[in-house]
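Visitor:
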Amino acid sequence: MEIVTHLINDTIEFYKWSLTIADKRVEKWPLMGSPLPTLAISSMYLLFLWVGPKFMQNREPFQLRKTLIVYNFSMVILNFFIFKELFLAARAAGYSYLCQPVNYADDVNEVRMAAALWWYYVSKGVEYLDTVFFILRKKFNQVSFLHVYHHCTMFTLWWIGIKWVAGGQSFFGAHMNAAIHVIMYLYYGLAAFGPSIQKYLWWKKYLTIIQMIQFHVTIGHTALSLYIDCAFPHWMHWALIGYAITFIILFGNFYYQTYRRQPRREAPPKGGKAVANGIANGIANGVSPATNGVSKLEEKQAVVENGRRKRRGRAKREVAPPYRDRNTAGAQTLDPDPTHARFFVPEDFRAPSSGSIMPSPVLSTQL
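Each number in my numbering corresponds to the 1-based position in the sequence shown with 102 added.
(1) In chain order, what are the residue ranges of uninterrupted alpha helix (DSSP H) at least 4 long that sit wholly in the region 286-323?
(2) Under the three-state reduction of DSSP, which class applies to Ser120: helix, strand or coil?
(3) In or out: Ser136 buried (at least 16 other Cβ within 10 Å) or exposed?
(4) Could you have a look at Lys241 and say whether DSSP puts it in helix, strand or coil?
(5) DSSP on Asn111, reduced to helix/strand/coil?
(6) Pull up the distance between the alpha-carbon of Asp208 and that of Arg127, whole angstroms please.
(7) In angstroms, rounded to a whole number, what distance separates the CA positions of Ala333 and Tyr199?
(8) Assuming the contact rule is C-beta atoms closer than 8 Å, His339 and Leu328 should be a hit. Round their C-beta distance to whole Å, please.
(9) Report the CB separation of Val178 from Leu292 in whole angstroms; it is logged as a contact under 8 Å.
(10) If you draw a straight line from the C-alpha of Leu141 to the C-alpha of Ala195, how long is it?
(11) What first and last residue would you give for the alpha helix (DSSP H) that runs through Tyr147?
(12) Can you tell me whether DSSP reads Ala333 as helix, strand or coil?
(13) With three or more C-beta pairs closer than 8 Å as the rule, is the region 183-194 touching the region 209-224?
(14) Hey, quick one: how far does the alpha helix (DSSP H) through Leu200 stretch, first residue to last?
(15) Tell me where the alpha helix (DSSP H) around Glu229 begins and ends.
(16) By the three-class DSSP mapping on this structure, what secondary structure does Leu188 have?
(17) Please state if the CB of Glu229 and the CB of His253 are separated by a distance shorter than 7 Å.
(18) Can you tell me whether Ala276 is helix, strand or coil according to DSSP?
(19) For Phe235, which of Leu259, Phe164, His283 has the nearest alpha-carbon?
(20) What does the alpha-carbon distance come out to for the pair Gly263 and Val106?
(21) If you compare alpha carbons, which of Gln316, Thr233, Gly296, Ile299 is closest to Leu149?
(22) For the alpha helix (DSSP H) that contains Val250, what are its first and last residues?
(23) Reducing DSSP to helix, strand and coil, say where Phe356 ends up.
(24) May I have the straight-line CA-CA distance separating Ile350 from His323, to the nearest angstrom?
(25) In three-state terms, what does DSSP make of Glu129?
(26) Please state whether the Cβ-Cβ distance between Ala280 and Ile184 is less than 7 Å.
(27) Return the chain-ordered list of same chain residues with a C-beta closer than 6 Å to the C-beta of Ile321, the five sequence neighbours on each side being excluded.
(28) Which of helix, strand or coil does DSSP assign to Tyr206?
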(Lines of atoms letter the chains of each structure in order from A and count residues from 1; the text may use other names and numbers.)
(Lines give C-alpha, C1' and ligand atoms only; values in the text may rest on other atoms or scores of the structure.)
Protein backbone atom coordinates (compact mmCIF):
# COMPACT_ATOMS: atom_id res chain seq x y z
CA MET A 1 0.00 0.00 0.00
CA GLU A 2 2.88 2.32 0.78
CA ILE A 3 4.31 1.75 -2.70
CA VAL A 4 0.99 2.71 -4.31
CA THR A 5 0.74 5.85 -2.20
CA HIS A 6 4.30 6.79 -3.11
CA LEU A 7 3.55 6.26 -6.81
CA ILE A 8 0.44 8.46 -6.65
CA ASN A 9 2.34 11.23 -4.89
CA ASP A 10 5.13 11.10 -7.49
CA THR A 11 2.56 11.32 -10.29
CA ILE A 12 0.95 14.38 -8.70
CA GLU A 13 4.32 16.04 -8.24
CA PHE A 14 5.26 15.32 -11.85
CA TYR A 15 1.99 16.83 -13.07
CA LYS A 16 2.53 19.97 -10.99
CA TRP A 17 6.02 20.30 -12.42
CA SER A 18 4.75 19.77 -15.98
CA LEU A 19 2.32 22.67 -15.54
CA THR A 20 5.29 24.99 -15.10
CA ILE A 21 6.36 24.28 -18.69
CA ALA A 22 2.84 24.23 -20.16
CA ASP A 23 1.64 26.79 -22.69
CA LYS A 24 0.34 29.75 -20.67
CA ARG A 25 -1.62 31.08 -23.65
CA VAL A 26 -4.17 28.24 -23.55
CA GLU A 27 -4.52 27.97 -19.76
CA LYS A 28 -7.81 29.92 -19.66
CA TRP A 29 -9.28 28.38 -22.79
CA PRO A 30 -12.31 26.04 -22.47
CA LEU A 31 -11.40 22.49 -21.32
CA MET A 32 -7.70 23.39 -21.00
CA GLY A 33 -7.43 24.35 -17.32
CA SER A 34 -7.48 20.72 -16.17
CA PRO A 35 -7.46 17.26 -17.77
CA LEU A 36 -10.55 16.27 -15.76
CA PRO A 37 -13.18 17.52 -18.26
CA THR A 38 -11.50 15.65 -21.10
CA LEU A 39 -11.15 12.50 -19.01
CA ALA A 40 -14.78 12.81 -17.87
CA ILE A 41 -16.07 13.09 -21.45
CA SER A 42 -13.96 10.13 -22.53
CA SER A 43 -15.20 8.10 -19.54
CA MET A 44 -18.82 8.87 -20.46
CA TYR A 45 -18.03 7.75 -24.00
CA LEU A 46 -16.68 4.42 -22.77
CA LEU A 47 -19.68 4.01 -20.46
CA PHE A 48 -22.05 4.56 -23.38
CA LEU A 49 -20.26 1.81 -25.29
CA TRP A 50 -21.47 -0.57 -22.57
CA VAL A 51 -24.89 0.95 -21.80
CA GLY A 52 -25.90 1.85 -25.36
CA PRO A 53 -26.15 -1.67 -26.84
CA LYS A 54 -28.11 -2.84 -23.78
CA PHE A 55 -30.51 0.09 -24.17
CA MET A 56 -31.05 -0.69 -27.87
CA GLN A 57 -31.23 -4.47 -27.46
CA ASN A 58 -35.04 -4.75 -27.60
CA ARG A 59 -35.71 -1.55 -29.53
CA GLU A 60 -35.99 -0.79 -33.20
CA PRO A 61 -33.00 1.06 -34.68
CA PHE A 62 -33.41 4.81 -34.99
CA GLN A 63 -33.75 6.19 -38.51
CA LEU A 64 -31.34 9.12 -38.39
CA ARG A 65 -31.05 9.91 -42.07
CA LYS A 66 -31.60 13.68 -41.81
CA THR A 67 -29.56 13.89 -38.62
CA LEU A 68 -26.63 12.11 -40.26
CA ILE A 69 -26.76 14.35 -43.31
CA VAL A 70 -26.65 17.49 -41.15
CA TYR A 71 -23.97 16.06 -38.84
CA ASN A 72 -21.62 14.83 -41.57
CA PHE A 73 -21.77 17.99 -43.63
CA SER A 74 -21.28 20.05 -40.46
CA MET A 75 -18.10 18.04 -39.85
CA VAL A 76 -17.02 18.77 -43.42
CA ILE A 77 -17.37 22.49 -42.72
CA LEU A 78 -15.60 22.26 -39.34
CA ASN A 79 -12.63 20.31 -40.70
CA PHE A 80 -12.34 22.59 -43.72
CA PHE A 81 -12.29 25.58 -41.36
CA ILE A 82 -9.50 23.94 -39.32
CA PHE A 83 -7.54 23.12 -42.48
CA LYS A 84 -7.90 26.70 -43.74
CA GLU A 85 -6.88 28.26 -40.42
CA LEU A 86 -3.84 26.02 -40.04
CA PHE A 87 -2.73 26.78 -43.59
CA LEU A 88 -3.18 30.56 -43.30
CA ALA A 89 -1.61 30.76 -39.83
CA ALA A 90 1.41 28.70 -40.92
CA ARG A 91 1.83 30.83 -44.01
CA ALA A 92 1.55 34.11 -42.11
CA ALA A 93 3.98 32.95 -39.41
CA GLY A 94 6.48 31.66 -41.99
CA TYR A 95 6.35 28.06 -40.83
CA SER A 96 8.72 25.46 -42.22
CA TYR A 97 7.31 22.06 -43.14
CA LEU A 98 10.63 20.40 -42.32
CA CYS A 99 11.38 21.78 -38.86
CA GLN A 100 9.31 24.25 -36.87
CA PRO A 101 9.92 24.82 -33.14
CA VAL A 102 7.07 25.99 -30.91
CA ASN A 103 6.83 29.75 -30.46
CA TYR A 104 5.04 30.52 -27.18
CA ALA A 105 4.88 34.26 -27.86
CA ASP A 106 1.60 36.18 -27.95
CA ASP A 107 2.14 36.96 -31.61
CA VAL A 108 -1.17 37.18 -33.46
CA ASN A 109 -0.21 34.50 -35.98
CA GLU A 110 1.08 32.13 -33.30
CA VAL A 111 -2.10 32.56 -31.26
CA ARG A 112 -4.11 31.93 -34.41
CA MET A 113 -2.16 28.70 -34.93
CA ALA A 114 -2.81 27.63 -31.32
CA ALA A 115 -6.52 28.43 -31.70
CA ALA A 116 -6.75 26.36 -34.89
CA LEU A 117 -5.11 23.43 -33.11
CA TRP A 118 -7.56 23.86 -30.20
CA TRP A 119 -10.47 23.60 -32.63
CA TYR A 120 -8.88 20.45 -34.00
CA TYR A 121 -8.80 19.02 -30.47
CA VAL A 122 -12.48 19.95 -29.97
CA SER A 123 -13.41 18.26 -33.25
CA LYS A 124 -12.05 14.98 -31.88
CA GLY A 125 -14.49 15.25 -28.99
CA VAL A 126 -17.36 15.95 -31.38
CA GLU A 127 -16.40 12.81 -33.31
CA TYR A 128 -17.59 10.72 -30.36
CA LEU A 129 -21.02 11.20 -31.95
CA ASP A 130 -19.91 8.82 -34.73
CA THR A 131 -20.12 5.98 -32.23
CA VAL A 132 -23.35 7.23 -30.67
CA PHE A 133 -25.07 7.20 -34.06
CA PHE A 134 -23.76 3.71 -34.83
CA ILE A 135 -25.23 2.35 -31.61
CA LEU A 136 -28.57 4.15 -31.95
CA ARG A 137 -28.89 2.68 -35.45
CA LYS A 138 -27.84 -0.74 -34.09
CA LYS A 139 -24.80 -0.85 -36.36
CA PHE A 140 -22.88 -2.64 -33.62
CA ASN A 141 -20.49 -4.27 -36.09
CA GLN A 142 -19.14 -0.82 -36.95
CA VAL A 143 -18.03 -0.22 -33.36
CA SER A 144 -14.76 -2.12 -33.72
CA PHE A 145 -11.63 -1.92 -31.60
CA LEU A 146 -10.02 0.29 -34.25
CA HIS A 147 -13.00 2.67 -34.15
CA VAL A 148 -13.01 2.98 -30.35
CA TYR A 149 -9.21 3.18 -30.06
CA HIS A 150 -9.01 5.92 -32.67
CA HIS A 151 -11.76 8.09 -31.21
CA CYS A 152 -10.89 7.71 -27.54
CA THR A 153 -7.14 8.24 -27.81
CA MET A 154 -7.22 11.14 -30.28
CA PHE A 155 -9.33 13.32 -28.00
CA THR A 156 -7.26 12.57 -24.91
CA LEU A 157 -3.82 12.82 -26.50
CA TRP A 158 -4.59 16.05 -28.31
CA TRP A 159 -5.45 17.67 -24.99
CA ILE A 160 -1.82 16.96 -24.05
CA GLY A 161 -0.68 18.36 -27.39
CA ILE A 162 -2.57 21.64 -26.96
CA LYS A 163 -1.53 21.98 -23.31
CA TRP A 164 2.21 21.76 -24.00
CA VAL A 165 2.92 22.13 -27.74
CA ALA A 166 0.16 24.25 -29.31
CA GLY A 167 2.18 25.14 -32.38
CA GLY A 168 5.38 24.28 -34.18
CA GLN A 169 5.60 20.79 -35.63
CA SER A 170 2.17 19.93 -34.19
CA PHE A 171 0.46 21.71 -37.06
CA PHE A 172 1.77 19.27 -39.69
CA GLY A 173 -0.18 16.17 -38.62
CA ALA A 174 -3.32 18.14 -37.76
CA HIS A 175 -3.21 19.93 -41.10
CA MET A 176 -2.99 16.69 -43.04
CA ASN A 177 -5.60 14.90 -40.92
CA ALA A 178 -8.12 17.73 -41.21
CA ALA A 179 -7.89 17.57 -45.01
CA ILE A 180 -8.51 13.82 -44.96
CA HIS A 181 -11.51 14.26 -42.65
CA VAL A 182 -13.05 16.72 -45.10
CA ILE A 183 -13.07 13.95 -47.72
CA MET A 184 -14.12 11.29 -45.22
CA TYR A 185 -17.14 13.15 -43.85
CA LEU A 186 -18.10 14.19 -47.36
CA TYR A 187 -18.29 10.50 -48.21
CA TYR A 188 -20.40 9.74 -45.12
CA GLY A 189 -22.68 12.68 -45.84
CA LEU A 190 -23.31 11.56 -49.41
CA ALA A 191 -23.81 7.95 -48.30
CA ALA A 192 -26.53 9.10 -45.88
CA PHE A 193 -28.73 10.05 -48.85
CA GLY A 194 -29.28 6.37 -49.55
CA PRO A 195 -28.86 3.91 -52.46
CA SER A 196 -29.48 6.53 -55.14
CA ILE A 197 -26.16 8.19 -54.22
CA GLN A 198 -24.30 5.24 -52.71
CA LYS A 199 -23.91 3.57 -56.09
CA TYR A 200 -21.55 6.38 -57.12
CA LEU A 201 -19.38 6.07 -53.99
CA TRP A 202 -16.98 3.51 -55.42
CA TRP A 203 -14.00 5.22 -53.81
CA LYS A 204 -14.64 4.11 -50.23
CA LYS A 205 -11.60 1.83 -49.93
CA TYR A 206 -9.30 4.62 -51.09
CA LEU A 207 -10.13 6.52 -47.90
CA THR A 208 -8.42 3.77 -45.92
CA ILE A 209 -5.43 3.86 -48.28
CA ILE A 210 -5.13 7.64 -47.86
CA GLN A 211 -5.25 7.29 -44.09
CA MET A 212 -2.48 4.68 -44.12
CA ILE A 213 -0.37 6.94 -46.36
CA GLN A 214 -0.93 9.71 -43.81
CA PHE A 215 0.55 7.61 -41.01
CA HIS A 216 3.60 6.68 -43.09
CA VAL A 217 4.15 10.35 -43.96
CA THR A 218 3.83 11.25 -40.27
CA ILE A 219 6.51 8.73 -39.32
CA GLY A 220 8.82 9.90 -42.10
CA HIS A 221 8.35 13.57 -41.25
CA THR A 222 8.90 12.98 -37.53
CA ALA A 223 11.95 10.78 -38.11
CA LEU A 224 13.46 13.52 -40.29
CA SER A 225 12.91 16.04 -37.50
CA LEU A 226 14.73 13.77 -35.08
CA TYR A 227 17.55 13.22 -37.55
CA ILE A 228 18.19 16.93 -38.07
CA ASP A 229 17.71 17.54 -34.32
CA CYS A 230 14.81 19.92 -34.76
CA ALA A 231 14.19 22.12 -31.70
CA PHE A 232 10.85 20.49 -30.93
CA PRO A 233 10.23 18.35 -27.82
CA HIS A 234 11.69 14.95 -28.59
CA TRP A 235 9.19 13.18 -26.33
CA MET A 236 6.48 14.43 -28.67
CA HIS A 237 8.40 13.11 -31.67
CA TRP A 238 8.68 9.62 -30.21
CA ALA A 239 5.05 9.65 -29.06
CA LEU A 240 3.93 10.51 -32.62
CA ILE A 241 6.01 7.72 -34.14
CA GLY A 242 4.70 5.10 -31.71
CA TYR A 243 1.12 6.28 -32.13
CA ALA A 244 1.35 6.24 -35.93
CA ILE A 245 2.75 2.69 -35.89
CA THR A 246 -0.30 1.45 -33.97
CA PHE A 247 -2.57 2.99 -36.60
CA ILE A 248 -0.61 1.46 -39.47
CA ILE A 249 -1.07 -1.97 -37.90
CA LEU A 250 -4.78 -1.50 -37.15
CA PHE A 251 -5.74 0.19 -40.42
CA GLY A 252 -3.63 -2.29 -42.38
CA ASN A 253 -5.45 -5.18 -40.74
CA PHE A 254 -8.81 -3.51 -41.45
CA TYR A 255 -7.92 -3.03 -45.12
CA TYR A 256 -6.78 -6.63 -45.47
CA GLN A 257 -9.86 -8.06 -43.76
CA THR A 258 -12.23 -5.84 -45.74
CA TYR A 259 -10.77 -5.66 -49.24
CA ARG A 260 -8.05 -8.30 -49.67
CA ARG A 261 -8.99 -11.38 -47.70
CA GLN A 262 -10.53 -14.13 -49.84
CA PRO A 263 -13.23 -16.42 -48.42
CA ARG A 264 -11.99 -19.82 -47.34
CA ARG A 265 -12.84 -22.89 -49.37
CA GLU A 266 -15.50 -24.98 -47.73
CA ALA A 267 -15.04 -28.72 -48.17
CA PRO A 268 -18.30 -30.59 -48.95
CA PRO A 269 -19.56 -32.90 -46.19
CA LYS A 270 -18.92 -36.61 -46.52
CA GLY A 271 -21.54 -38.24 -48.69
CA GLY A 272 -22.99 -34.81 -49.48
CA LYS A 273 -23.15 -32.74 -52.64
CA ALA A 274 -20.94 -29.83 -53.54
CA VAL A 275 -23.12 -27.03 -54.85
CA ALA A 276 -21.23 -25.07 -57.47
CA ASN A 277 -21.83 -21.43 -58.23
CA GLY A 278 -19.81 -21.01 -61.39
CA ILE A 279 -17.30 -18.54 -59.89
CA ALA A 280 -13.59 -18.98 -59.32
CA ASN A 281 -13.56 -19.25 -55.53
CA GLY A 282 -12.29 -22.77 -55.20
CA ILE A 283 -15.63 -24.34 -56.16
CA ALA A 284 -15.52 -24.87 -59.90
CA ASN A 285 -18.39 -25.46 -62.29
CA GLY A 286 -19.77 -28.39 -60.33
CA VAL A 287 -16.53 -30.36 -60.57
CA SER A 288 -13.22 -30.49 -58.78
CA PRO A 289 -10.62 -28.03 -60.15
CA ALA A 290 -7.98 -30.74 -59.95
CA THR A 291 -9.68 -32.73 -62.70
CA ASN A 292 -9.56 -29.95 -65.29
CA GLY A 293 -13.31 -29.74 -65.68
CA VAL A 294 -14.10 -33.47 -65.29
CA SER A 295 -15.11 -34.94 -61.93
CA LYS A 296 -13.77 -38.26 -60.69
CA LEU A 297 -15.91 -41.10 -59.42
CA GLU A 298 -15.37 -41.37 -55.71
CA GLU A 299 -15.55 -44.63 -53.84
CA LYS A 300 -19.12 -43.98 -52.80
CA GLN A 301 -20.15 -42.65 -56.24
CA ALA A 302 -21.12 -39.24 -54.83
CA VAL A 303 -22.78 -37.18 -57.55
CA VAL A 304 -21.48 -33.63 -57.96
CA GLU A 305 -24.00 -31.20 -59.36
CA ASN A 306 -23.14 -28.14 -61.38
CA GLY A 307 -25.89 -25.86 -60.14
CA ARG A 308 -28.10 -26.16 -63.25
CA ARG A 309 -31.76 -26.75 -62.62
CA LYS A 310 -33.02 -29.97 -64.10
CA ARG A 311 -36.05 -29.85 -66.35
CA ARG A 312 -39.20 -31.20 -64.81
CA GLY A 313 -41.06 -34.13 -66.32
CA ARG A 314 -38.14 -35.38 -68.35
CA ALA A 315 -37.37 -39.07 -68.09
CA LYS A 316 -33.91 -39.90 -66.83
CA ARG A 317 -31.82 -41.59 -69.51
CA GLU A 318 -29.90 -44.69 -68.64
CA VAL A 319 -26.18 -44.25 -69.13
CA ALA A 320 -23.60 -46.84 -70.00
CA PRO A 321 -20.55 -47.42 -67.80
CA PRO A 322 -17.81 -44.79 -67.98
CA TYR A 323 -15.20 -44.91 -70.70
CA ARG A 324 -11.47 -45.17 -70.06
CA ASP A 325 -8.89 -44.32 -72.67
CA ARG A 326 -6.48 -47.24 -72.57
CA ASN A 327 -3.89 -45.38 -74.67
CA THR A 328 -3.46 -42.58 -72.13
CA ALA A 329 -1.55 -43.16 -68.92
CA GLY A 330 -3.44 -42.07 -65.82
CA ALA A 331 -6.65 -41.59 -67.84
CA GLN A 332 -9.50 -39.79 -66.12
CA THR A 333 -12.87 -41.35 -65.51
CA LEU A 334 -15.68 -39.48 -67.18
CA ASP A 335 -18.74 -38.47 -65.24
CA PRO A 336 -21.49 -41.10 -65.88
CA ASP A 337 -24.19 -38.45 -65.80
CA PRO A 338 -24.28 -36.73 -69.24
CA THR A 339 -26.19 -33.77 -67.82
CA HIS A 340 -22.86 -32.54 -66.43
CA ALA A 341 -21.76 -31.81 -69.98
CA ARG A 342 -22.81 -28.77 -71.90
CA PHE A 343 -23.60 -30.96 -74.92
CA PHE A 344 -25.02 -34.48 -74.70
CA VAL A 345 -23.66 -37.45 -76.62
CA PRO A 346 -26.35 -38.84 -78.93
CA GLU A 347 -27.27 -42.49 -78.63
CA ASP A 348 -26.18 -43.02 -82.26
CA PHE A 349 -22.57 -42.68 -81.10
CA ARG A 350 -22.79 -45.78 -78.93
CA ALA A 351 -20.50 -48.61 -79.98
CA PRO A 352 -22.73 -51.60 -80.79
CA SER A 353 -20.33 -54.12 -79.28
CA SER A 354 -19.85 -52.76 -75.77
CA GLY A 355 -22.53 -50.10 -75.43
CA SER A 356 -20.05 -47.61 -74.02
CA ILE A 357 -20.05 -43.94 -74.96
CA MET A 358 -17.51 -42.75 -77.51
CA PRO A 359 -15.18 -40.03 -76.20
CA SER A 360 -16.27 -36.48 -76.93
CA PRO A 361 -14.08 -33.36 -76.69
CA VAL A 362 -16.97 -31.21 -75.45
CA LEU A 363 -17.69 -33.10 -72.23
CA SER A 364 -17.65 -30.97 -69.08
CA THR A 365 -17.22 -27.76 -71.01
CA GLN A 366 -17.01 -24.79 -68.60
CA LEU A 367 -20.38 -23.09 -68.33
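Glycine is no exception: its CB is placed at the ideal position from the N, C-alpha and C atoms.
Guide: The relevant details are as follows:
(1) With a minimum length of 4 residues, the continuous alpha helix (DSSP H) runs that stay inside the region 286-323 are 297-300.
(2) The residue given as residue 120 occupies position 18 in the sequence shown. Residue state, collapsed to three classes: helix.
(3) Counting from one through the sequence shown, the residue named residue 136 turns up at place 34. Counting every other CB atom within 10 Å of its CB across the protein chains shown gives Ser136 a total below 16, marking it as exposed.
(4) For this step, residue 241 is matched to residue 139 along the sequence shown. It is coil, neither helix nor strand.
(5) Mapped onto the sequence shown, residue 111 falls at position 9. Here DSSP, grouped into helix, strand and coil, assigns Asn111 to helix.
(6) In the sequence shown, the residue the question calls residue 208 occupies position 106. In the sequence shown, the residue the question calls residue 127 occupies position 25. Their Cα atoms are separated by approximately 7 Å.
(7) Position 231 of the sequence shown, counted from the first residue, corresponds to residue 333. Position 97 of the sequence shown, counted from the first residue, corresponds to residue 199. The alpha-carbon atoms of Ala333 and Tyr199 are separated by roughly 13 Å.
(8) As a first step, residue 339 must be located in the sequence shown, where it is residue number 237. As a first step, residue 328 must be located in the sequence shown, where it is residue number 226. About 5 Å; that satisfies the 8 Å criterion.
(9) Your numbering for residue 178 matches position 76 in the sequence shown. Your numbering for residue 292 matches position 190 in the sequence shown. That pair is no contact at about 10 Å.
(10) By 1-based counting over the sequence shown, the position of residue 141 is 39. By 1-based counting over the sequence shown, the position of residue 195 is 93. Taking the straight line joining both Cα atoms gives about 33 Å.
(11) The residue given as residue 147 occupies position 45 in the sequence shown. From DSSP, the alpha helix (DSSP H) with Tyr147 extends over 138-158.
(12) By one-based count along the sequence shown, residue 333 stands at place 231. Note: Ala333 maps to coil in three-state DSSP.
(13) Flag = yes, the region 209-224 and the region 183-194 touch.
(14) Numbered from its first residue, the sequence shown carries residue 200 at position 98. Element bounds for Leu200: n/a, residue is neither H nor E.
(15) Indexing the sequence shown from 1 puts residue 229 at position 127. Taken as a continuous stretch (DSSP letters only), Glu229 belongs to no alpha helix (DSSP H), as it is neither H nor E.
(16) Taking the sequence shown and counting its residues from 1, the one referred to as residue 188 is at position 86. In the structure shown, Leu188 sits in a helix (DSSP, three-state: H, G or I).
(17) Working through the sequence shown from its first residue, we reach residue 253 at position 151. Working through the sequence shown from its first residue, we reach residue 229 at position 127. By the CB criterion at 7 Å, His253 and Glu229 fall inside the cutoff.
(18) The residue you call residue 276 lines up with position 174 of the sequence shown. Looking at Ala276 - three-state DSSP - the assignment turns out to be helix.
(19) For the purposes of this step, residue 235 is taken as the residue at position 133 of the sequence shown. Out of Leu259, Phe164, His283, Phe164 has the C-alpha closest to the C-alpha of Phe235.
(20) By one-based count along the sequence shown, residue 263 stands at place 161. By one-based count along the sequence shown, residue 106 stands at place 4. About 28 Å.
(21) By 1-based counting over the sequence shown, the position of residue 149 is 47. For the residues Gln316, Thr233, Gly296, Ile299, the minimum Cα distance to Leu149 belongs to Thr233.
(22) If you number the sequence shown from 1, residue 250 lands on position 148. Residues 247-266.
(23) Here the question's residue 356 lines up with position 254 in the sequence shown. It is helical.
(24) For this step, residue 350 is matched to residue 248 along the sequence shown. For this step, residue 323 is matched to residue 221 along the sequence shown. The alpha-carbon atoms of Ile350 and His323 are separated by roughly 15 Å.
(25) The residue you call residue 129 lines up with position 27 of the sequence shown. Under the three-state reduction of DSSP, Glu129 is assigned to coil, being neither helix nor strand.
(26) Position 178 of the sequence shown, counted from the start, is the residue given in the question as residue 280. Position 82 of the sequence shown, counted from the start, is the residue given in the question as residue 184. Going by beta carbons, Ala280 and Ile184 fall inside the 7 Å limit.
(27) Position 219 of the sequence shown, counted from the first residue, corresponds to residue 321. The residues are Ile343, Ala346.
(28) Here residue 206 is taken as the residue at index 104 of the sequence shown, counted from 1. Secondary structure of Tyr206 (DSSP, three-state): coil.
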